[in-house]
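Residue numbers for the sequence shown, in our numbering: 1 to 77.
The structure appears right after this line, and notes come after that.
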Amino acid sequence: PKDCAAKLADVWLIENVWDILKEKLRGREYSDIAELKNDIKKEWKKTIVSLCERIIDKIPVRLKLVIDQDGNQIQEH
């Protein structure tokens, strides 16, 4: 379905990880791609484990919200 991606985003929150990484890197200037990649890797290592644990812990609750909404997109993010 056309709106499937929006509904999937209610449960699968990986996009939040990319948004957080982009936010942490915003405003920094890089002289080359290698420098950017290095900063991405550093921020990834600092962020990923605890963030993913929090995201995974929320999945059952978010699934229930989607079910309670009869499969419709939930508003809470």
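For every residue, glycine included, the Cβ atom is placed at its ideal position computed from N, Cα and C.
Please read these numbers as outputs of a predicted model, since none were measured by experiment.
Beta carbon of residue i nearer than 8 Å to that of residue j
| i | j | result |
| --- | --- | --- |
| L25 | E53 | no |
| I20 | T47 | yes |
Which of helix, strand or coil DSSP assigns to residue i
| i | result |
| --- | --- |
| S31 | coil |
| D70 | coil |
| R26 | coil |
8 Å Cβ cutoff, residue i in contact with chain B
| i | result |
| --- | --- |
| I20 | In the displayed structure, chain B is absent; only one protein chain is listed. |
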